[in-house]
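Protein chains in written order, with this note's numbering: chain A, 6 to 170; chain B, 6 to 170.
Just so you know, even glycine gets a beta-carbon here, dropped at the ideal spot from N, CA and C.
Below is one structure, written out as structure tokens; comments come after it.
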DNA sequence: GGAAAATACTTGAATGTTTAAGTAAACGCT
DNA sequence: AGCGTTTACTTAAACATTCAAGTATTTTCC
């Protein structure tokens, strides 16, 4: 049953940290979703899409760029944008200079939606994440997150530029 | 368009921390799933269920207890345990002293499976989470995670034993 | 200039998850 | 003892996500 190579097992302290991190990964997205769905009828992912458009030049962005921003694949984004388009918050058009490219644009209604939704969501993020932490811990969390992202995906956006909420 | 109450907006530093955290929450579970699925044919959730049973007395635990451990609801657990039962790794039985309670037990095959799978998974957790961090950062991550969990779900198991910093 | 390859996105089928209703056993109150 | 409530879990249906194939446009290379 034992393998030839002895793995470096987790210490009991590491195991405790690990289980805590797993719990946060499971529950924080759920809690955020619940707030947005209840107060605005949006999923967290839909919110990220609208937020990504709201801060782009001319409130417009190509699909694959937006997918990278939202840390998702193209098929998922495509379906979500279809839903948002039906609700009148996003408009799709073909790039005149390259017919393969689809541009997503935030409509005025979409702008109004996101500006109405953002304050409540920011308040939720604050109460769940930043309020329980000291300023020093917030900074540490940033460093820690970036190091972990460096191990998962060294080419990720959150290590170079800045963007949204 | 502006609300009467001015929300405490996120500072640019907080925004950066927040986006980093969102990225970790999106990608770390995916990365873990990929390792387990490729090396062992298990999802991360299935692994957690087997792990939860493996460390219980008599390798047996009641369903709702197991659901709490795995941070999931009962319906999800029920279906996953059905799958694990079909694969021969778990056995279900009714508690003789209370007919409402279902007990899940890890079979010998299940024990073998988890002991074969654990070293590779621990190595992945190490390389993605603990290796990029200093010892001090690991400890900080534990404190930070416990504080956030305290805000999300004050009654969670991972806060039960010791008082969080 | 035209076939082949590459790019950007969409659509459809398979899978898994969440929500809601359903079943069964135990408890509490008369 | 008996009826109603609560608890614990399962099943069924609606929903979302991932994966694979499909369509349309542009670029590349004879």
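Item, Value
"Extent of the continuous alpha helix (DSSP H) run through residue 36 of chain A", "17-45"
"Chain B residues whose Cβ lies nearer than 8 Å to that of residue 153 of chain A", "29, 33, 133, 134, 137 and 138"
"Own chain partners of residue 156 of chain B with C-beta closer than 6 Å, once the 5 adjacent residues on each side are dropped", "none"
"Which listed residue (A:13, A:16, A:17 and A:25) has its alpha carbon closest to that of residue 147 of chain B", "A:25"
"Interface flag, residue 168 of chain A vs chain B, CB-CB below 8 Å", "No answer about residue 168 of chain A holds up, because its pLDDT of 41 lies below 50 and its placement is not dependable."
"Paired residues, beta bridge with residue 108 of chain A - DSSP", "A:67 and A:98"
"Exposed unless 16 or more other CB atoms sit within 10 angstroms - verdict on residue 166 of chain A", "In this predicted model, residue 166 of chain A has a pLDDT of only 47, less than 50, meaning its place in the structure is not dependable; the value taken from the coordinates is given anyway. Counting Cβ neighbours within 10 Å, residue 166 of chain A comes out exposed, since fewer than 16 surround it."
"Members of the region 74-94 of chain A that neighbour chain B once the beta carbon cut-off is set at 9 Å", "75, 76 and 77"
"Closer than 8 Å to chain A by CB, residue 22 of chain B", "yes"
"Residue 172 of chain A - containing alpha helix (DSSP H), residue span", "The requested residue 172 of chain A does not occur in the structure, where chain A is confined to residues 6 to 170."
"Three-state secondary structure (DSSP) of residue 9 of chain A", "Per-residue confidence for residue 9 of chain A stands at a pLDDT of 45, beneath the threshold of 50, marking its modelled position as unreliable; the derived number appears in the next sentence. Residue 9 of chain A falls in the coil class under three-state DSSP."
"heavy atom of the ligand ADP below 7 Å from residue 30 of chain A C-beta", "Looking for the ligand ADP in the displayed structure turns up nothing, as the structure carries no ligands at all."
"Touching by the beta-carbon criterion (3+ pairs, under 8 Å), the region 57-74 of chain A and the region 110-120 of chain B", "no"
"Contact set for residue 106 of chain B: own chain, Cβ-Cβ below 6 Å, skip 5 residues either direction", "67 and 100"
"Nearest to residue 128 of chain A (by Cα), restricted to the options A:159, A:79 and A:41", "A:41"
"Partners in chain B for residue 147 of chain A, counting only beta-carbon separations shorter than 8 Å", "18, 21, 22 and 25"
"Test item: CB-CB of residue 29 of chain A and residue 154 of chain B under 8 Å", "yes"
"Between the CA atoms of residue 125 of chain B and residue 17 of chain B - distance to the nearest angstrom", "39 Å"
"Three-state secondary structure (DSSP) of residue 137 of chain A", "coil"
"Interface residues of chain B facing residue 36 of chain A [CB-CB closer than 7 Å]", "157"
"Anticipated Cβ contact below 8 Å, residue 47 of chain A with residue 95 of chain A, distance rounded", "Not really, about 12 Å apart at Cβ, beyond 8 Å."
"Range of the contiguous alpha helix (DSSP H) that encloses residue 81 of chain B", "79-91"
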